[in-house]
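Comments concern the structure below.
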Amino acid sequence: MIKKVSRHIVQNEPLLFELSSPGKVGYQLPELDVPEVSAEKVLGAEHVRDDIEDFPEVSEFEVLRHFSRLSTWNYAIDLGLYPLGSCTMKYNPRVNELVARTEGLAWAHPYQPEELSQGCMEVIAALEQALAEITGMDAVTLQPAAGAHGEFTGILMIRALLETRGNPRKKILVPDSAHGTNPATATAIGYSVENIKSNDRGMVDLAVLERAVTEDVAGLMITNPNTVGVFEENIRKICGILHDKGALVYMDGANMNALVGVARPGDFGIDVMHLNLHKTFSTPHGGGGPGSGAVAVAKVLTPFLPSPRLKRVNDRWSWNYDLPQSIGRVRAFYGNYGVLVRALAYIMAHGGNGLRQATLDALLNANYLRKLLEPHYEIAYKAPSMHECVFSDDRQAKKGIRTGDIAKRLIDYGFHPYTVSFPLIVRGALMIEPTETEPKRELDLFADAMISIAKEIEENPELVRNAPHSTRTPRVDEVTAARKPIVRWKPESKASLSPAAD
Ligand SMILES: *Cc1c(COP(=O)(O)O)cnc(C)c1O
Numbered sequence: 162m163i164k165k166v167s168r169h170i171v172q173n174e175p176l177l178f179e180l181s182s183p184g185k186v187g188y189q190l191p192e193l194d195v196p197e198v199s200a201e202k203v204l205g206a207e208h209v210r211d212d213i214e215d216f217p218e219v220s221e222f223e224v225l226r227h228f229s230r231l232s233t234w235n236y237a238i239d240l241g242l243y244p245l246g247s248c249t250m251k252y253n254p255r256v257n258e259l260v261a262r263t264e265g266l267a268w269a270h271p272y273q274p275e276e277l278s279q280g281c282m283e284v285i286a287a288l289e290q291a292l293a294e295i296t297g298m299d300a301v302t303l304q305p306a307a308g309a310h311g312e313f314t315g316i317l318m319i320r321a322l323l324e325t326r327g328n329p330r331k332k333i334l335v336p337d338s339a340h341g342t343n344p345a346t347a348t349a350i351g352y353s354v355e356n357i358k359s360n361d362r363g364m365v366d367l368a369v370l371e372r373a374v375t376e377d378v379a380g381l382m383i384t385n386p387n388t389v390g391v392f393e394e395n396i397r398k399i400c401g402i403l404h405d406k407g408a409l410v411y412m413d414g415a416n417m418n419a420l421v422g423v424a425r426p427g428d429f430g431i432d433v434m435h436l437n438l439h440k441t442f443s444t445p446h447g448g449g450g451p452g453s454g455a456v457a458v459a460k461v462l463t464p465f466l467p468s469p470r471l472k473r474v475n476d477r478w479s480w481n482y483d484l485p486q487s488i489g490r491v492r493a494f495y496g497n498y499g500v501l502v503r504a505l506a507y508i509m510a511h512g513g514n515g516l517r518q519a520t521l522d523a524l525l526n527a528n529y530l531r532k533l534l535e536p537h538y539e540i541a542y543k544a545p546s547m548h549e550c551v552f553s554d555d556r557q558a559k560k561g562i563r564t565g566d567i568a569k570r571l572i573d574y575g576f577h578p579y580t581v582s583f584p585l586i587v588r589g590a591l592m593i594e595p596t597e598t599e600p601k602r603e604l605d606l607f608a609d610a611m612i613s614i615a616k617e618i619e620e621n622p623e624l625v626r627n628a629p630h631s632t633r634t635p636r637v638d639e640v641t642a643a644r645k646p647i648v649r650w651k652p653e654s655k656a657s658l659s660p661a662a663d
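Just so you know, we're using my numbering here: the sequence shown kicks off at 162 and counts up by one.
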């Protein structure tokens, strides 16, 4: 095949192994001016190996250029709109990074004495208090490291409470629109999961729920706004139905960026919820880096919070481990501290009015996109959208084009795809969350791209079916990639891995 020609900074780049040529090194050392001693002698023979198979031999500059080029292959929020629904890929102000790197915060050690940690503990206390106020709940733990971990912590607390009442019960109810982590959490804790069907407005069906809530039900895990971007308008009633039967309500708060400063889960009856600080409160995420799934609880659950808890005695913070009903630790130390610092910096910089404005802007941006795209794509539910909008590929499917094809074509237009095929209750879902940080110009560019793709599907569906066309690697066979992943380089796998070879 013809070698692809480089286009400006879109350079071809082989693997580091393929750049290797024998004898090249990336360092230069001065002449030895002490007697030479063998590595075996210093380290012991068992720690020394003769050779590392296929170890790449390259110069410093080649390594630098290799990784710099690879970095330009990545899509980032700094490059453009990142409309991945449910994930809240917003811009995170750089100043939060600066604050998180403050020497006394970044270099504090969890084992340093309490008298040297008063400032760090104050940060934790202030954030717990701010999040309690934002959610309308009574207390907050910052230990969980991610949203899913927060769910785990919350359901453990529900179980602990029900145990003190004599029966942990058997079931957790989960609406069919839920994120996969919800049923996974309930199962991990030993509950069986019962699905609750949504109605034709994309909301929990009250009649179905009422029938499902028996004495066996420990609780309901509900996302609000839910994953179709719709506010559960009967949320008070839903909480009442559960409470009447002695069950609790867990709220998946991953979508709190649609509520902050506008509505408080504590006020509409939620017993326990998590926040994804890395989504709503500004920590760069998506690469699997540290996160925080802070959990907020109503008064009935406070005795069960993870240990230790902060307490204030004589104007000093200390850690209280004397918590007989606590579920215990859920993580080493006190949570992902750097994420907590960023969240507090973000909250304080915005203030109450600023946070509310961010929420309103997120709703405005999502609804602006919905209006622009509705003439071209089928909206999944007519109910008003909150911070994200979910379409189906119904119209495009008539031409044989599915949501995954449209997503691939979006790459040719310079955008990261939206969330594909989730939530599962929408056939061929296109889930779009622009977030509040996008300017109108960028939203218009994205809408233009989506509308242009809709027209291409009418006129030349093959173009979309075979997209992307502008990337180094064309459409890969996803089934083969998932079933037979090539994760280790071998000289014979060179042809299939090297972008320069296709
Ligand atoms: C992101 C998300 C989660 C999981 O959060 P992690 O921090 O990735 O563990 C759970 N529920 C919903 C609705 C989400 O969007």
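Glycine included, every Cβ here is placed at the ideal spot set by N, Cα and C.
Query	Result
Would Leu466 and Trp480 qualify as a contact pair, given that the criterion is a beta-carbon distance under 8 Å?	no
Between which residues of its own chain and Gly308 is the CB-CB distance below 6 Å, once the five residues before and five after are set aside?	Ala415, His435, Asn437 and Gly454
For Asn356, which of helix, strand or coil comes out of DSSP?	strand
What do you reckon, are the CB atoms on Leu245 and Glu594 nearer than 8 Å?	yes
Give, in chain order, every unbroken run of the alpha helix (DSSP H) that is at least 4 residues long and sits entirely within the stretch 275-347.	279-296 and 308-325
Taking only runs of the beta strand (DSSP E) that begin and end inside the stretch 423-464, which ones reach a length of at least 3 residues, in chain order?	433-436 and 456-458
Could you spell out where the alpha helix (DSSP H) holding Gly265 opens and where it closes?	Glu264 to Ala267
Within the chosen definition, does the stretch 491-499 reach the stretch 567-578 through at least 3 CB pairs nearer than 8 Å?	no
Give the straight-line distance between the Cα atoms of Thr388 and His208, rounded to the nearest whole angstrom.	52 Å
By Cβ distance below 6 Å, which residues in the same chain neighbour Gly311 in space, the five residues on each side in sequence not counted?	Pro305, His435, Gly454 and Val456
Would the C-beta of Gly454 count as close to ligand 2, meaning under 7 Å from any of its heavy atoms?	Absence of ligand 2 is noted for the structure shown, with ligand 1 being the only ligands found.
Using CA coordinates, which residue listed in Asp605, Arg397, Val256 and Asp638 is at the minimum distance from Leu430?	Going by the sequence as given, residue 430 is Gly instead of Leu. Out of Asp605, Arg397, Val256 and Asp638, Arg397 has the C-alpha closest to the C-alpha of Gly430.
Pick from Gln279, Gly363, Arg602 and Met417: whose alpha carbon is nearest that of Asn395?	Gly363
Just to check, is the beta-carbon of His548 closer than 7 Å to a non-hydrogen atom of ligand 1?	no
Can you tell me which of Asp476, Thr441, Asp377 and Ala339 puts its alpha carbon nearest to the alpha carbon of Val411?	A small fix is needed here, since residue 411 is Tyr in this sequence, not Val. Checked all of Asp476, Thr441, Asp377 and Ala339; the closest Cα to Tyr411 is Ala339.
Return yes when the Cβ of Val219 is within less than 8 Å of the Cβ of Ser278, no when it is not.	no
Could you check where the alpha helix (DSSP H) with Asn526 kicks off and where it finishes?	Tyr498 to Leu534
I need the straight-line Cα distance from Ile612 to Pro646, nearest angstrom please.	35 Å
Mark Thr296 as exposed unless 16 or more other C-beta atoms lie within 10 angstroms of its C-beta, in which case mark it buried.	buried
In this structure, does DSSP put Leu177 in helix, strand or coil?	helix
Among Glu597, Lys532 and Ile488, whose alpha-carbon lies nearest the alpha-carbon of Arg517?	Glu597
Who does Asp413 pair with in a DSSP beta bridge?	Thr384 and His435
Express the C-alpha separation of Gly341 and Val354 in angstroms, rounding to a whole number.	12 Å
Within its chain, find whatever has a CB closer than 6 Å to the CB of Ala643; leave out the 5 residues flanking it on each side and keep chain order.	none
Between which residues of its own chain and Leu259 is the CB-CB distance below 6 Å, once the five residues before and five after are set aside?	none
Taking 7 Å as the cut-off, is the C-beta of Thr388 nearer than that to any heavy atom in ligand 1?	yes
Helix, strand or coil for Asn481, going by three-state DSSP, please let me know.	strand
Whole angstroms is fine: what's the gap from Leu176's alpha carbon to Val640's?	24 Å
What did DSSP end up calling Val474 once you bin it into helix, strand or coil?	strand
Using the DSSP secondary-structure output, state which residues sit across from Phe222 in a beta bridge.	Its beta-bridge partners do not exist; DSSP assigns none.
With C-beta atoms as the reference, is Ile399 less than 8 Å away from Val423?	no
By alpha-carbon positions, which one of Ser232, Thr325, Asp215 and Lys406 ends up nearest to Phe178?	Asp215
If you check the beta carbons only, do Met592 and Val625 fall under 8 Å apart?	no
When you compare only the Cα positions, how much space is there between Ala291 and Gly489?	24 Å
Could you give the residue range of the beta strand (DSSP E) that holds Phe392?	Unbroken run through Phe392: none, as it is neither H nor E.
Using the three-state DSSP reduction, which class does Phe552 fall into: helix, strand or coil?	strand
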